[in-house]
Amino acid sequence: MSYSHSYYGYTFQPGHGGYYGYGWGGKGGSKGKGKGEKGKKGSWLDCFPDAYYPPLKPYPKPQPKPQPKPDWDDDSKGGWVPEQKPQPKPEPKPEPKPEPKPEPKPEPKPEPKPEPKPEPKPEPKPEPKPEPKPEPKPEPKPEPKPEPKPEPKPEPKPEPKPEPKPEPKPEPKPDDCVDCKDNNSNPDNSFGGIDKNPGNIIDGRIIGTDKKDTIYGTQHGDIIEGRGGPDVIYGKGGDDIIYGGNNGDTLYGQEGNDTLFGENGNDYLNGGLGNDIMRGNHGNDVYMVEQAGDQVIELKGEGVDTVRTYIDYELPDNVENLILMGKGNLNGTGNDLDNEIIGNGGNNELRGLDGNDRLIGKGGNDWLDGCGGDDYLEGGLGNDTYVFNKGYDKDVICDYDTTAGNHDVIEFWHGLQSSDLEFSRNGNDLTIKANESDILTVVKWFESSAYRIEEFNFDDGSVWDSAAIDKALSAQGVDTGYATASYDTAALPTNNEGII
Numbered sequence: 001m002s003y004s005h006s007y008y009g010y011t012f013q014p015g016h017g018g019y020y021g022y023g024w025g026g027k028g029g030s031k032g033k034g035k036g037e038k039g040k041k042g043s044w045l046d047c048f049p050d051a052y053y054p055p056l057k058p059y060p061k062p063q064p065k066p067q068p069k070p071d072w073d074d075d076s077k078g079g080w081v082p083e084q085k086p087q088p089k090p091e092p093k094p095e096p097k098p099e100p101k102p103e104p105k106p107e108p109k110p111e112p113k114p115e116p117k118p119e120p121k122p123e124p125k126p127e128p129k130p131e132p133k134p135e136p137k138p139e140p141k142p143e144p145k146p147e148p149k150p151e152p153k154p155e156p157k158p159e160p161k162p163e164p165k166p167e168p169k170p171e172p173k174p175d176d177c178v179d180c181k182d183n184n185s186n187p188d189n190s191f192g193g194i195d196k197n198p199g200n201i202i203d204g205r206i207i208g209t210d211k212k213d214t215i216y217g218t219q220h221g222d223i224i225e226g227r228g229g230p231d232v233i234y235g236k237g238g239d240d241i242i243y244g245g246n247n248g249d250t251l252y253g254q255e256g257n258d259t260l261f262g263e264n265g266n267d268y269l270n271g272g273l274g275n276d277i278m279r280g281n282h283g284n285d286v287y288m289v290e291q292a293g294d295q296v297i298e299l300k301g302e303g304v305d306t307v308r309t310y311i312d313y314e315l316p317d318n319v320e321n322l323i324l325m326g327k328g329n330l331n332g333t334g335n336d337l338d339n340e341i342i343g344n345g346g347n348n349e350l351r352g353l354d355g356n357d358r359l360i361g362k363g364g365n366d367w368l369d370g371c372g373g374d375d376y377l378e379g380g381l382g383n384d385t386y387v388f389n390k391g392y393d394k395d396v397i398c399d400y401d402t403t404a405g406n407h408d409v410i411e412f413w414h415g416l417q418s419s420d421l422e423f424s425r426n427g428n429d430l431t432i433k434a435n436e437s438d439i440l441t442v443v444k445w446f447e448s449s450a451y452r453i454e455e456f457n458f459d460d461g462s463v464w465d466s467a468a469i470d471k472a473l474s475a476q477g478v479d480t481g482y483a484t485a486s487y488d489t490a491a492l493p494t495n496n497e498g499i500i
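Set out below in structure tokens:
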């Protein structure tokens, strides 16, 4: 196939065999429509005699892939341009798929400018709550003279008469049990009325006067000083520090972990709720302990002090007396001093440890063990048990109980057997002797059956009753007082005769 092009009237046709033909266009050739004469053999350059063209190499043989053929119609590019395939109707630019409005890159939902986390409206820096002008601790409005809480019957003024000064332990003479039947009630201790005085507030402290003051703290941690006069002070809320001052003061810590100082005088200290520290200082002080975390501190020689409590308790150093309150089954333990330990209406376990102690069980089925020292043991009402061992020194038992069916017991431990003991009568008392230093006396044994012990348990497992005791005494010619004629002449028990 050949192509015919016109250029200013000339017509060119590619020749064959590496030659090009040329000729003048025929009539009407300005548009190249005429047919030219057969060209002479020669170079197409001859058509442009005045133009210079660098020598051309012979037209290369067509390659397997037809090379783009020159197009001379486009003079804008100063030479030939590759034939542009009759550009197929430019496939109507497929209406440039309206550049799929690049799915308006969902205007990357401007990642909803994370609603610029309304920079958490910097929680409008709670306009720094104008640092609540530290609620000017209402300069503890001297707590409007707390309309003196109708003298809160000072929690019934815990009645602390300096606690029945343990009648300096009337070293129980065997015949000194005349009043043991009357020891089944608590002593009546009370405080007198107290004038009210609001006190002053100085340097953040609540200060009393030299008169009898009743002072109330706030719900915060207060420092309160009673100073002179027998004051009554209530700490209220918070962790308070309370100083009683001189004279006998009554201090109530109430809520919080409080620290109470009685200072001089016979003081009453009640920590109330929380783990409190109570320091009575000089005087015969009374402490009310209600929490296991309470601490009582006394130094040697500061008086005869007493702890009252509703919990199991062991006396700390330098505190002499312990009273168990309420009706629960509580345990009380002394220390190395001469202690007085008084039970309540429950079943109590009372231990004296060293020292010359007084243990009083009151109601309930109590267990009393004086341990070392010359001790006085009084079970009171109920079926009580007394313990006596070698090394217990000289103990006295006073057991007065007229209840029908009452059954009290003495237990001998540490190898004490019936054959190791010597029974004798001393006035109206029964004496049981283990050796020269360990002697147990049961007072008024021969005066009334209400004072008798119903059972004796020995370490070898043998058990005697009161009748067996009388029988053993009668065999020695001892007048048993309540023994029958047959017992008066009876020999010592043999073959378990008279033994339970």
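Last residue of the sequence shown: number 500 in full-length UniProt numbering, and the count goes up by one each step with no gaps. Idealized CB from N, CA, C, for every residue including glycine.
#1: Please report the straight-line C-alpha distance between A483 and D375, rounded to a whole angstrom.
#2: Measure the CB-CB distance between G238 and D213 and report whether it falls below 9 Å.
#3: Apart from the five residues on each side of it in sequence, which residues of its chain come closer than 6 Å, Cβ to Cβ, to D354?
#4: Is it the case that the Cβ atoms of F412 and N457 are separated by a distance below 9 Å?
#5: For V319 and S474, I'd like the C-alpha separation in whole angstroms.
#6: Could you have a look at L473 and say whether DSSP puts it in helix, strand or coil?
#7: Using beta-carbon positions only, say whether D384 and G361 come within less than 9 Å of one another.
#8: On a CA-only basis, which of H414, I206 and K433 is nearest L421? Give me that one, please.
#9: Under 6 Å Cβ to Cβ from G334, same chain only, skipping five residues before and after it: list those, please.
#10: Can you tell me where the beta strand (DSSP E) with I277 in it begins and where it stops?
#11: Considering only C-alpha positions, which residue in the set L299, W367, E302 and G303 is nearest to G332?
#12: Grab me the residues of G274's own chain with a C-beta within less than 6 Å of its C-beta, minus the 5 sequence neighbours each way, in chain order.
#13: In the DSSP assignment, find the unbroken beta strand (DSSP E) run with E349 in it and report its ends.
#14: Tell me the DSSP bridge mates of F388?
#15: Give me whichever residues DSSP pairs with W367 in a beta bridge.
#16: Rounded to a whole number of angstroms, what is the C-alpha to C-alpha distance between N284 and L322?
#17: Work out the CA separation of R452 and S466 for me, nearest whole Å.
#18: Buried or exposed for A472, please, with buried defined as at least 16 other CB atoms from any protein chain shown within 10 angstroms of its CB.
#19: Quick one: grab the DSSP three-state call for Y451.
#20: Which residues in the same chain have their Cβ closer than 8 Å to the Cβ of N435, if we skip the five residues on either side of it in sequence?
#21: Please check the pair N246 and E225, which I expect to be a contact at CB under 8 Å, by giving their CB distance rounded to whole angstroms.
#22: List in chain order: all unbroken beta strand (DSSP E) runs of 3+ residues lying wholly within the segment 290 to 359.
#23: Residues in the same chain with beta-carbon distance under 6 Å from T431, minus the five sequence neighbours each way, listed in chain order, please.
#24: Return the Cβ separation of D399 and D393 in integer angstroms, given the expectation that the two are a contact with Cβ distance under 8 Å.
#25: State the Cα-Cα distance for the pair L350 and V443, rounded to the nearest angstrom.
#26: Report all residues from its chain with a CB closer than 7 Å to the CB of A292; omit the five preceding and five following residues, and keep chain order.
#27: With distance defined between alpha-carbon atoms, name the residue in V396, T402, V387 and F388 nearest to L381.
#28: Would you kindly work out how many angstroms separate the C-alpha atoms of I397 and G477, rounded to a whole number?
#29: Three-state secondary structure (DSSP) at D420?
#30: Pull up the distance between the alpha-carbon of M325 and that of D479, whole angstroms please.
#31: Does the Cβ-Cβ distance between I277 and T259 come in under 9 Å?
#32: Apart from the five residues just before and just after E454, which ones in its own chain have a Cβ nearer than 8 Å to its Cβ?
#33: From G481 to Q254, what distance separates their C-alpha atoms?
Let me spell this out:
#1: Residue placement at A483 cannot be trusted, given a pLDDT of 40 that sits under 50; the coordinates are not used to answer.
#2: no
#3: Excluding sequence neighbours, D354 sits near D336, G372 and G373.
#4: Pairing F412 with N457 gives a Cβ-Cβ distance under 9 Å.
#5: 46 Å
#6: helix
#7: Taking 9 Å as the cut-off, the beta carbon of D384 is found closer than this to the beta carbon of G361.
#8: Answer by Cα proximity: K433.
#9: Same-chain partners within the cutoff: L315, I341, G352, L353 and D357.
#10: I277 to R279
#11: W367
#12: Residues of the same chain with a CB within less than 6 Å of the CB of G274, apart from the 5 flanking positions on each side, are G256 and N257 in chain order.
#13: E349 to R351
#14: F412
#15: E349 and T385
#16: 13 Å
#17: Approximately 7 Å, taken between the alpha carbons.
#18: Residue environment for A472: buried (at least 16 other C-beta atoms within 10 angstroms of its C-beta).
#19: Correct three-state label for Y451: helix.
#20: K390
#21: Wrong, their Cβ atoms sit about 11 Å apart, outside the cutoff.
#22: You should have 295 to 297, 306 to 309, 321 to 324, 331 to 333, 340 to 342 and 349 to 351.
#23: Annotation for T431: S424 and T441 place their beta carbon closer than 6 Å to its own, counting only its chain and skipping 5 residues before and after.
#24: The Cβ separation is near 19 Å, so there is no contact.
#25: 20 Å
#26: I311
#27: Per the Cα distances, T402.
#28: 25 Å
#29: helix
#30: 43 Å
#31: Between I277 and T259, the CB-CB gap stays under 9 Å.
#32: N406, H407, D408, V409, D465 and S466
#33: 58 Å
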